[in-house]
Amino acid sequence: MRWFLLLPIVAAALLVSPASAFAYDPGVAVTVDTWSSENGHGYVGVKANGTWAPPDKVRERVRTEFYSEWQPQGDPAAYSHFWWVFVHRTADGSTVNFDNPIVTFTKSTEPGIAIEPTAYGDLSLYLAVAVEPVIAPARAERTVTAELTTGWRDWVDDAISAYVVRDSIAVQRWTVDFGDGTRRTFPGSGDRLTTTHAYEPGRFAVIVTARVTGQAYGAFFAPDGTPFEDVVPFALDISNRASGVSALPIEYVPPVVTVGGSPSGSLPDGTLVPPDADGHAAIWWPRGLTCALYVRPIIEQEGFMRSGGIVIGRATTRLVGYRYESGVNDASDASRPGTYAAAVPVRIQWNTPLPGKAAYPVRLVLELETTYDDGTVRTSEVDGSIAVTVVYSAVTN
């Protein structure tokens, strides 16, 4: 007599009734029967009775119609092994049960097959996943929660088709796939998980998986084929998702800049006027004196990052170059119209003051580079002019 397989009666639906016998080979009778443990747990088993000849002393290689492939899926405990078994046709190597591999659990210390130690039972309705707020500005921190709702432990036995030791059921760990390529694992400290995450612009689905572990009763076989009950570990993944999570686009608001300058040179009395760091939209300079006019951007409002109407980042703008347009320039070594680096001043001079409050325009086009907090760089141009009042006395401002 040999026992091939024992399954718990709980949640088991069989197409054959106990004590039904089938003859698969002359002299071999296969019977589906039941067995109950001392704890009152019922199992269904398949029993084969027959006479088998001892192996022939002379071995002969034969080609069978099918062959099996055992793929290890992990070791949930010491001496315990979890397998997927695929059956292939020898003729062409095709897989007979590609979509439904045989799930088998073995113990190297016991000569038998027992319950499945790992499963993906559909307990998703008992796992609530939420993201708050669902729609928010980009990079705003969200709260992600996952909770196994009341009564979920009562359905674990159905999910793995086994008698479960209820007090042993616990969440070992949580795994969160935030949907943007980020995955994080958290220890299982209870039936609820709360964490935070920030998203770049886009739409996402958050998937949370609770790895549940515990112990369950399973039927094993003694060497003589006698069934006995033992407790084995199991693991179960429960997953659910929260869809429609959105992060609003990021708007890179440009700076508000006007054209400015800072004059430098020597006054008639020999006083040196150094350039300052700030720009001025209007300046004064003595007639007939060469001026080194340093170009300065006047930043009225710096650029910033905005999402959903909320400022989420700042920016820094700098002058990388400028274009000097033609205009009045009486200097003997005057700068020619063209493009210059930011640190190069305009060599310029005015010999004739204008009447009244009239001013000479120095027309410029600023080439700006704005760097935002996230590293994004944008370039822009601003055109304008510096108003220069030419005076007879050595007065500057």
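Going by our numbering, the letters in the sequence shown line up with residues 1259 to 1655, in that order. Note that beta-carbon positions come from the ideal geometry of N, C-alpha and C, so glycine has one too.
Starting from residue i, follow its DSSP beta bridges and name the residues at the other end.
| i | result |
| --- | --- |
| residue 1400 | 1455 |
| residue 1348 | Answer by DSSP bridge pairing: none, since residue 1348 is not bridged. |
| residue 1383 | Paired residue(s): none; residue 1383 is not in a bridge. |
| residue 1329 | 1342 |
| residue 1590 | Answer is none; residue 1590 lacks a bridge partner. |
| residue 1543 | 1648 |
| residue 1625 | 1579 and 1639 |
| residue 1394 | 1505 |
| residue 1596 | 1582 |
| residue 1388 | 1403 |
| residue 1450 | 1405 |
| residue 1619 | 1645 |
Output the boundary residues of the beta strand (DSSP E) element that contains residue i.
| i | result |
| --- | --- |
| residue 1556 | 1549-1559 |
| residue 1418 | It is not in any beta strand (DSSP E) - residue 1418 instead sits in the alpha helix (DSSP H) that spans 1414-1418. |
| residue 1497 | 1485-1505 |
| residue 1430 | 1421-1435 |
| residue 1571 | 1568-1582 |
| residue 1460 | 1460-1479 |
| residue 1522 | 1514-1524 |
| residue 1444 | 1441-1445 |
| residue 1354 | No beta strand (DSSP E) contains residue 1354, which DSSP labels as neither H nor E. |
| residue 1602 | It is not in any beta strand (DSSP E) - residue 1602 carries neither H nor E in the DSSP assignment. |
| residue 1564 | 1562-1565 |
Between the Cα of residue i and those of the options, spot the shortest distance and give me the residue it belongs to.
| i | options | result |
| --- | --- | --- |
| residue 1327 | 1348, 1593 and 1297 | 1348 |
| residue 1427 | 1434, 1448, 1438 and 1443 | 1448 |
| residue 1385 | 1468, 1514 and 1539 | 1468 |
| residue 1321 | 1350, 1344, 1392 and 1629 | 1350 |
| residue 1542 | 1615, 1333 and 1329 | 1615 |
| residue 1388 | 1395, 1400 and 1381 | 1400 |
| residue 1344 | 1301, 1324 and 1332 | 1324 |
| residue 1574 | 1563, 1580 and 1581 | 1563 |
| residue 1342 | 1358, 1544 and 1354 | 1358 |
| residue 1346 | 1360, 1501 and 1424 | 1360 |
| residue 1430 | 1472, 1396, 1333 and 1417 | 1472 |
Between residue i and residue j, how many whole angstroms is the CB-CB distance? I'm expecting something under 8 Å.
| i | j | result |
| --- | --- | --- |
| residue 1531 | residue 1523 | 6 Å |
| residue 1462 | residue 1503 | 4 Å |
| residue 1441 | residue 1405 | Rounded, the Cβ-Cβ distance is 20 Å, inconsistent with contact. |
| residue 1553 | residue 1624 | 7 Å |
| residue 1478 | residue 1486 | 6 Å |
| residue 1393 | residue 1459 | No, residue 1393 and residue 1459 are not in contact; Cβ-Cβ is about 12 Å, not under 8 Å. |
| residue 1630 | residue 1600 | No, residue 1630 and residue 1600 are not in contact; Cβ-Cβ is about 20 Å, not under 8 Å. |
| residue 1402 | residue 1453 | 5 Å |
Verify whether the separation of the beta carbon atoms of residue i and residue j is less than 9 Å.
| i | j | result |
| --- | --- | --- |
| residue 1432 | residue 1409 | no |
| residue 1621 | residue 1643 | yes |
| residue 1619 | residue 1602 | no |
| residue 1568 | residue 1420 | no |
| residue 1572 | residue 1555 | no |
| residue 1626 | residue 1578 | yes |
| residue 1499 | residue 1470 | no |
| residue 1506 | residue 1566 | yes |
| residue 1550 | residue 1604 | yes |
| residue 1490 | residue 1474 | yes |
| residue 1606 | residue 1592 | yes |
| residue 1611 | residue 1648 | yes |
| residue 1352 | residue 1496 | no |
| residue 1590 | residue 1548 | yes |
| residue 1546 | residue 1517 | no |
Under 9 Å between C-beta atoms, does residue i make it to chain C?
| i | result |
| --- | --- |
| residue 1401 | Going by chain labels, chain C is absent from the structure shown, which holds only one protein chain. |
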